[in-house]
Amino acid sequence: MVQLIVGKKGKGKTKHLLDKVNAEVQNVSGNIVYLDKSTKHMYELNNKIRLIDVPSYKIMNSEQFVGFISGIISQDHDLEQMYFDSFLKIACLEENNDVEPIIKELEVLSEAFKVTFVLSVSLDEDELPASVKDKIIVSL
Numbered sequence: 016m017v018q019l020i021v022g023k024k025g026k027g028k029t030k031h032l033l034d035k036v037n038a039e040v041q042n043v044s045g046n047i048v049y050l051d052k053s054t055k056h057m058y059e060l061n062n063k064i065r066l067i068d069v070p071s072y073k074i075m076n077s078e079q080f081v082g083f084i085s086g087i088i089s090q091d092h093d094l095e096q097m098y099f100d101s102f103l104k105i106a107c108l109e110e111n112n113d114v115e116p117i118i119k120e121l122e123v124l125s126e127a128f129k130v131t132f133v134l135s136v137s138l139d140e141d142e143l144p145a146s147v148k149d150k151i152i153v154s155l
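Each residue of the sequence shown is one higher than the last, beginning at 16 in the numbering used here.
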C-alpha cells in the first residue's frame, strides 16, 4: 500500500508524518524505516525507527532511488513500513514532479514484499495525477 500526505511546502506535512510514524511504532511487529533529506528530525523519531539520510548515498535519479528502496527491502525481511519525508527531493523528482511512475513502482514493491509506504509530497492535491489521488490520506 502507498499512502500520500500532500500539500505545499510549509503546510505541516512533516509533522503529520512524524506523528504517524511514532504512533505506528507501537502497532507493528516488524521494522520501520524513515527516509529524509537530512538527519534534522533524528531526535523527533522513536529510537526503534531507522532514519536514513538519503542524500549521503549520492542518488542521482528516480531509477537509482527505486533501486535504493529495493536494496533496503532486500536486506530486511522484517521491514513493514517505510516513510519518505521530502519525497520529491529524495526521489530526484523536483524537476518535473512526475510522481506517477515512481508511485506505481512502489505499489509493485509494496504488494510483492508487504511493505507499506507513506510519502510526504510537496504538491497540492489538484497537482497530482488522477491515478494517485485515491492514495491521499492527508491533504493540507
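Beta carbons: idealized from backbone N, C-alpha and C, even for Gly.
Keep in mind it's a predicted model, so treat the numbers as computed, not measured.
- Item | Stretch pair the region 62 to 71 + the region 122 to 129: three plus CB contacts closer than 8 Å | no
- Message: If I measure Cβ to Cβ from GLU142 and keep anything under 8 Å in the same chain, skipping five residues before and after, which residues do I get?
- Response: ASN112
- Query: Cβ atoms of CYS107 and MET75: under 8 Å apart, would you say?
  - Reply: yes
- Message: Rounding to the nearest angstrom, what Cα-Cα distance links GLY86 and HIS92 in this structure?
- Response: 11 Å
- Query: Candidates MET97, VAL114, GLU95: which alpha carbon is nearest LYS104's?
  - Reply: VAL114
- Flag this pair as touching only if the region 137 to 151 and the region 41 to 54 have three or more C-beta atom pairs under 8 Å; answer yes or no. no
- Item | Contained beta strand (DSSP E) runs [length at least 3] in the region 17 to 87, N- to C-terminal order | 17 to 21, 46 to 51, 64 to 68
- Task: Can you give me the Cβ contacts of VAL209 inside the same chain, cut-off strictly under 6 Å, excluding the 5 residues immediately before and after it?
- Result: Beyond the ends of the chain as shown, which are 16 and 155, falls residue 209; an answer cannot be given.
- 8 Å Cβ cutoff met for LEU33 and MET97: no
- Query: Which full runs of the alpha helix (DSSP H) of 4+ residues lie inside the region 86 to 111, going along the chain?
  - Reply: 102 to 105
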